[in-house]
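Residue 64 in numbering that gives the first Met the number 0 is what sits at position 65 of the sequence shown, and the numbering runs on without skipping anything. Note that beta-carbon positions come from the ideal geometry of N, C-alpha and C, so glycine has one too. Accompanying notes for the structure given below.
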Amino acid sequence: MRVVIKVSFRIDDSRPIFMQIAEKIENDIIEQRLPEETQVPSTNQFASFYQINPATAAKGVNLLVDQGILYKKRGIGMFVAEGARQGLMEKRKTQFYEQFVVSMVQEAEKLGITTEHLIEMIRKGDRSG
């Protein structure tokens, strides 16, 4: 099964392009646009679609291969590994905690915001329920 990327994606000049390609693939896996065991677009398809050098696209894909998120079927292409979504979810949860929660709690402490008040603020900001 070949998957074609049709979602809009813009290159951000402030970050390396290969990392953005890897993150785009990760997002597609997490959001199940690229289910496990499905083929991902080739580096040439990425290069053509985003108007970038194929070597740059390959660097992003290979980053995910090194992490065990993608694997190569010789002569066929790259595929999403079994367990990739769960692994990415855990990785992203850890990053979320480290990048947002820890700094939020530290800032709350500086401002004298109690844990209870912080929880109340989070609940107030929760638009889902």
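For Tyr-49, the enclosing alpha helix (DSSP H) stretches over residues 42-49. In this structure Val-39 is not in contact with Met-88, their Cβ atoms being roughly 18 Å apart against a cut-off of 8 Å. By the Cβ neighbour-count rule, Phe-95 is exposed, with fewer than 16 other Cβ atoms within 10 Å of its own.
In the structure shown, the three-state DSSP call for Gln-105 is helix.
The C-beta of Asp-11 has fewer than 16 other C-beta atoms within 10 Å across all chains shown, which makes the residue exposed. Considering only Ala-46, Asp-65, Leu-69, Val-100, the residue with the shortest C-alpha distance to Leu-33 is Leu-69.
Inside the stretch 25-89, DSSP marks whole alpha helix (DSSP H) runs of 4 or more residues at positions 42-49, 53-65, from first to last along the chain. With at least 16 other beta carbons inside 10 angstroms of its own, Asp-27 counts as buried.
Membership of Gly-124 in the alpha helix (DSSP H) is indicated by the continuous run 114-124. A straight-line Cα-Cα distance of about 22 Å links Ile-16 and Ala-83.
With a contact defined as Cβ atoms closer than 8 Å, Val-79 and Lys-71 miss out at about 12 Å. When only Cα atoms are considered, Phe-45 and Arg-14 end up about 17 Å apart. Comparing alpha-carbon positions, the option among Glu-35, Ala-57, Glu-30, Ala-21 lying closest to Ser-41 turns out to be Ala-57.
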